[in-house]
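This report concerns only the one structure given below.
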Amino acid sequence: MDADQDEIDFETKRRWAAVTEIIYVVVLEDGGLESASPFQGISNRFDELGWTLRQIFDLPPDLISPALPPQGKIGMRVTGRGWNWMPLMVSELEKIDISETAPLWVVISGHAEVAKRTKRWCSRQLFPVFHITDGYLGDARPGEANRERIRRHLRKVMQRLSKSFPPSLRANLAEMVDGWRADETFPLSFTPRTHNCTLPNLVTLQAVGADMSAEVALNPPVENEGELVDAIEESTLEVLALRATVAGIPALRVQPRTPDVIVAAPAAYSHFRARMRRSDDLPAGFREAFQLQQRQTGYRMLIEGFSFPRELISSPGWQTVMGIRGRELQLQTHAIALRAASTFAATIRLPSGVNTFPDLRNFTNHIRGKNRPNKLKKTIGLFQKVQSALIVHCNRELLEKIALSRSGVKLVSDAPL
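With my numbering as the guide, the letters of the sequence shown map in order to residues 111 to 527.
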């Protein structure tokens, strides 16, 4: 091999560092904020594509991970080397030209017109793009894309790399793809119980090879939330225990540590409360369904004690609110799961009550505001109220698990994703 192939300067290595990463793009219809969900402010266009996040879980994040054993994958996740994905409106996607510094792209589209425009964009690119969409316009339909099909696609991309691409790095990329192997599975110390409260932890474990063959659905009686708390607690401890197995690896110490705990709580988009009070043009059942959402303090929805005509449950307004909230919660849960799996973090889902105490809005507005006289004193008082609300509404065992964090806590709460 020539000397220029063996010796590659640092700048060249830095320039091509991102070439091993696969970029995932969820392509949405064009639209503004006026078409966003009234709860978390999530685009209604994205709401149609909630299945895309589950699709991404099944595909490799880069060229390296599929060749690693479970501990190697955990080590990469801890340093933040997980899935790189983004939602883009189709008009913004059409402005992008893929370069050879980041040539590995997978795009996912749902709406028929968006799929057509995405296909045209793919055809104009210098490098092949793997397109997942329903019908005949893409390379695979939803659910059909798998690791082997992505592997074949990556080889096509490598054949299109220019002659200026360093030969040694080209050879390394080919070796990475050729080195992919079947996932090594390992047993869990508990029986995985599936629920939207536990899904982020279970996905995080499954993404590094945990055996999920024994998983069971979790659907306890509405009045019994202890089972949900137990399931969250046991899956959290498992993630943190596995993360601890790579804590002593010297190579990981040069990378900044990502948060090892994610604290999530479902919340209604607070600005919608005022808008709803001002609006008189609401379908029957809409206001009552929203008010019921606001009354929830636990993990499950309780109707007892809420006075309203029961026939409204079948009304269009009621069904609209519950449908939007259900799809949005599913989307939020999968988005959190993808973040958790990408950094191998434990996710602790808190009950809705932490977002319903009166001072929450004052708290968020205050800490985002500009400097004011006595701001520090007020901030201390507001933090004390937040902590008091956590103690009132949250199980003590879950708060103790949050305290186990060693590298920081990421919060996902009353804010648009």
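Each residue gets a CB set at the ideal place from its N, CA and C atoms; glycine is no exception. Bear in mind the structure is a predicted one, so any value in this text is a computation, not a measurement.
7 Å Cβ shell around residue i - same chain, five flanking residues per side excluded
{"i": "LEU439", "result": "ASN306, PRO376"}
{"i": "VAL332", "result": "ARG410, LEU412"}
{"i": "PHE416", "result": "LEU402, ARG405"}
{"i": "CYS504", "result": "LEU460, PRO461, VAL464"}
{"i": "ALA327", "result": "THR304"}
{"i": "ILE359", "result": "GLY185"}
{"i": "ARG251", "result": "ASP244"}
{"i": "LEU500", "result": "VAL464, LEU509"}
Spatial neighbours of residue i in its chain, beta-carbon cut-off 8 Å, leaving aside the 5 residues before and after
{"i": "LEU514", "result": "LEU350, VAL371"}
{"i": "ASN329", "result": "HIS305"}
{"i": "MET432", "result": "ALA399"}
{"i": "VAL135", "result": "TRP195, MET196, PRO197, LEU198, LEU203, TRP215, VAL216, VAL217, ILE218"}
{"i": "GLY160", "result": "ARG437, GLN440, LEU441, HIS444"}
{"i": "GLY253", "result": "GLN165"}
{"i": "SER272", "result": "GLU210"}
{"i": "ARG280", "result": "MET268, LEU271"}
{"i": "ASN334", "result": "none"}
{"i": "LEU422", "result": "ALA394, GLY395, GLU398, ALA399, TRP428"}
Nearest candidate by alpha-carbon position, reference residue i, set the options
{"i": "ASP321", "options": "THR162, GLU337, LEU328, PHE300", "result": "PHE300"}
{"i": "THR355", "options": "PRO180, GLN165, TRP161", "result": "PRO180"}
{"i": "THR457", "options": "LEU312, ILE434, ARG227", "result": "LEU312"}
{"i": "SER452", "options": "VAL136, GLU139, GLY141, LEU163", "result": "LEU163"}
{"i": "GLY141", "options": "PRO277, TYR134, VAL224", "result": "VAL224"}
{"i": "ALA374", "options": "ASP391, THR368, GLY358, ILE342", "result": "ILE342"}
{"i": "GLY395", "options": "ILE132, ARG420, GLN404, ARG405", "result": "ARG420"}
{"i": "PRO238", "options": "PRO310, ARG270, LEU402", "result": "ARG270"}
{"i": "GLU297", "options": "PHE454, GLY436, LEU352, ASP244", "result": "The sequence given here has Pro at residue 297, not Glu. It is LEU352."}
{"i": "LYS520", "options": "LEU508, ARG449, SER219", "result": "ARG449"}
{"i": "ALA324", "options": "SER201, PRO302, ARG261, LEU460", "result": "PRO302"}
{"i": "GLU204", "options": "LYS226, PHE167, PRO197, TRP231", "result": "TRP231"}
{"i": "ARG87", "options": "VAL200, ASP168, ASP293", "result": "No answer is possible for residue 87: it lies beyond the span of the chain, which begins at 111 and ends at 527."}
{"i": "THR295", "options": "PRO277, GLN316, ALA284", "result": "GLN316"}
{"i": "SER498", "options": "LEU247, GLN235, ASN465", "result": "ASN465"}
{"i": "LEU138", "options": "MET186, LYS511, GLY220", "result": "GLY220"}
{"i": "ILE512", "options": "ASN282, GLY491, ASP207, ALA455", "result": "ALA455"}
{"i": "ARG506", "options": "GLY491, ALA357, GLY336", "result": "GLY336"}
{"i": "ILE260", "options": "THR314, ASP244, PRO171, GLY192", "result": "PRO171"}
{"i": "ILE208", "options": "VAL129, MET186, ASP244, GLN494", "result": "VAL129"}
{"i": "ILE133", "options": "MET186, ARG187, GLY192", "result": "GLY192"}
{"i": "TYR246", "options": "PRO213, LEU236, ILE446, LYS229", "result": "LYS229"}
{"i": "GLY182", "options": "ALA357, PHE167, LEU283", "result": "ALA357"}
{"i": "ALA447", "options": "ARG234, LEU500, VAL522, THR314", "result": "THR314"}
{"i": "GLN235", "options": "ILE206, SER278, GLU131", "result": "ILE206"}
{"i": "GLU131", "options": "PRO213, ARG187, PHE275", "result": "PRO213"}
{"i": "ARG187", "options": "GLN494, VAL522, GLN365", "result": "GLN365"}
{"i": "LEU309", "options": "PHE167, GLN494, ILE501", "result": "PHE167"}
{"i": "PHE418", "options": "ARG397, ALA284, VAL522", "result": "ARG397"}
Integer-rounded CB distance, given that residue j should sit under 8 Å from residue i
{"i": "ILE184", "j": "VAL318", "result": "5 Å"}
{"i": "ALA255", "j": "ILE242", "result": "5 Å"}
{"i": "LEU392", "j": "GLY436", "result": "Wrong, their Cβ atoms sit about 19 Å apart, outside the cutoff."}
{"i": "LEU362", "j": "THR211", "result": "Going by Cβ atoms, the distance from LEU362 to THR211 rounds to 26 Å, so no, they are not a contact pair."}
{"i": "GLY408", "j": "SER462", "result": "7 Å"}
{"i": "LEU169", "j": "ARG265", "result": "That belief does not hold up - the Cβ atoms of LEU169 and ARG265 are roughly 16 Å apart, past 8 Å."}
Chain-order list of residues whose beta-carbon lies under 6 Å from that of residue i (same chain, five-residue window excluded)
{"i": "GLY518", "result": "PRO369"}
{"i": "PHE240", "result": "VAL216, ASP249, HIS263"}
{"i": "ARG367", "result": "SER517"}
{"i": "LEU338", "result": "CYS307, TYR409"}
{"i": "ASP112", "result": "Residue placement at ASP112 cannot be trusted, given a pLDDT of 46 that sits under 50; the coordinates are not used to answer."}
{"i": "ASP340", "result": "none"}
{"i": "SER425", "result": "ALA394, GLY395"}
{"i": "GLU510", "result": "none"}
{"i": "VAL522", "result": "ALA374, ILE446"}
Chain C contact for residue i (CB, 7 Å cutoff)
{"i": "THR314", "result": "In the displayed structure, chain C is absent; only one protein chain is listed."}
Legend entry - the segment 161-177 / the segment 289-299 touching (three or more Cβ pairs under 8 Å): yes
Inset, instruction - Let me know the alpha helix (DSSP H) ranges lying completely inside the segment 253-334, each 4 residues or longer, listed in chain order. - result: Taking 4 residues as the shortest admissible run, the segment 253-334 contains the following complete alpha helix (DSSP H) segments, listed from N- to C-terminal end: 257-269, 277-288, 309-316.
Inset, instruction - Note down, one range per segment and in chain order, each beta strand (DSSP E) of at least 3 residues found wholly within the segment 220-258. - result: 240-242
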